[in-house]
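Everything below concerns the one structure shown next.
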Amino acid sequence: MEEYRKFLKNYVWEHIIDKKTDTLKTDQYRNVPHPPLQKEYPKEAKLIDLVASEKFAVAKMPFIEVIRKRKSRRKYSKKALTLEELSFLLWATQGVHRIIGNGMATQRVVPSGGARHPFETYLVINRVKGIEPGLYRYLALEHKLYRIPTKGNLARQLVTACMEQKFVGSSAVTFVWTVIPYRAEWRYGKVSHKMIAIDAGHLCQNLYLACEAINAGACAVGAYSQRKMDKLLGVDGKEEFTIYVASIGKTE
Ligand SMILES: Cc1cc2nc3c(=O)[nH]c(=O)nc-3n(C[C@H](O)[C@H](O)[C@H](O)COP(=O)(O)O)c2cc1C
2 MEEYRKFLKN YVWEHIIDKK TDTLKTDQYR NVPHPPLQKE YPKEAKLIDL VASEKFAVAK
62 MPFIEVIRKR KSRRKYSKKA LTLEELSFLL WATQGVHRII GNGMATQRVV PSGGARHPFE
122 TYLVINRVKG IEPGLYRYLA LEHKLYRIPT KGNLARQLVT ACMEQKFVGS SAVTFVWTVI
182 PYRAEWRYGK VSHKMIAIDA GHLCQNLYLA CEAINAGACA VGAYSQRKMD KLLGVDGKEE
242 FTIYVASIGK TE
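The numbering used here puts the first residue of the sequence shown at 2, with every later residue one more than the last.
So, in structure tokens, the structure goes:
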């Protein structure tokens, strides 16, 4: 166990600070160019427009009520989410305010160590009005969706990848977050990984609260098969891999 507990400790900081220059011994301070802020997508891809955050008419519930109501919800109604509701949930978890530092980082609706925001958001969509069921990726910089071609029964594959937790298959949408560790490692090297784990929690907590505000519910899913989920998304499992999952649906 001791080996695994180490991951939660902060002892690595002392080893990556260069005492002479008081900077970190990482790629950023070696002047290695910064990694892209977002994973690339095919130039010719036809993207799906989402509703802009300035136009949201949803989520008018008082904040205190949202906090009071929050709980993990695993029973979802057959009602579909609207495109506006989905747009709101995506924006509430990864929405970009601005690009800073000459294109080096983003500021978003959630905090992230060193503003690295090392995540990508994938969606397994079952019931969203106007959107075909399938696998999608949120392009946070463009606030658009990119559809990823898939084969076979996606909902079935999702349940299998979530250790047969059946409620996930009944969700309107399941969020699957991946991490691209180098986006954080470029700045923080070996201290990135604890920060990445903490940052993942920010995304999911915002999703929980955003869901409550639109009479939907979320359930975090930590019990998933790394190999099966990475395969479902088509990510390499090395430079990018699944870090957290959350299923959501309408509750009324
Ligand atoms: C990191 C994490 C992983 C979780 N994984 C699962 C899961 O795989 N399946 C599940 O049904 N609930 C999962 N949950 C939900 C917890 O069971 C739930 O948060 C806890 O029982 C407290 O209930 P509440 O969220 O309603 O307050 C997870 C929650 C967290 C924060």
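All C-beta atoms in this analysis are idealised placements derived from N, C-alpha and C, irrespective of residue type, glycine included.
F176 carries a strand assignment under DSSP once its states are collapsed to helix, strand and coil. Chain order is used for the residues whose beta-carbon lies nearer than 5 Å to a heavy atom of ligand 1, namely K72, S73, A221, V222, G223, A224. Setting aside the 5 residues that flank it on each side, W92 is surrounded in the same chain by S54, each with a C-beta closer than 6 Å to its C-beta; the list follows chain order. Beyond the five residues adjoining it in sequence on each side, K26 comes within less than 6 Å, by CB distance, of I17, D19 in the same chain, given in chain order. Under the three-state reduction of DSSP output, R75 falls in the coil class, being neither helix nor strand. Exclusion of the five residues before and after K72 leaves G218 as the residues of its chain whose Cβ lies within less than 8 Å of its Cβ. Around the beta carbon of D231, 16 or more other beta carbons sit within 10 angstroms, so the residue counts as buried. Following the DSSP letters along the chain, one finds H98 in no alpha helix (DSSP H) but inside the beta strand (DSSP E) bounded by residues 97-101. Shown here for T151: same chain residues with a beta carbon closer than 6 Å to its own, the five before and five after excluded, namely L136 in chain order. The straight-line gap separating the alpha-carbon atoms of A58 and T179 is approximately 29 Å. The residues K229, L233, in chain order, have a CB closer than 8 Å to that of Q158 in the same chain once the five nearest residues on each side in sequence are set aside.
Put simply, of V110, E253, L87, A106 the residue whose alpha carbon is nearest the alpha carbon of Q95 is V110.
Under DSSP, V246 shares a beta bridge with V177, V222.
For Q108, the beta-bridge partners assigned by DSSP are R99. With respect to V33, V192 sits apart: the two C-beta atoms are not nearer than 9 Å.
Per DSSP, T122 is not a residue of any alpha helix (DSSP H); the beta strand (DSSP E) it occupies stretches across 120-126.
For Y30, no alpha helix (DSSP H) segment is defined, and its DSSP state is neither H nor E. Beta-bridge analysis with DSSP links G135 to I126.
Annotation: T161 to Y245 spans about 15 Å, alpha carbon to alpha carbon.
In this structure, C220 sits away from R99, with a CB-CB distance that is not shorter than 9 Å. In this structure F8 does not touch K239 by the C-beta definition: roughly 18 Å separates them, more than the 8 Å allowed.
Taking C-beta separations shorter than 7 Å and ignoring five residues to either side along the sequence, E165 has no partners in its chain. Looking at the DSSP output, I65 sits in no beta bridge, so it has no partner there.
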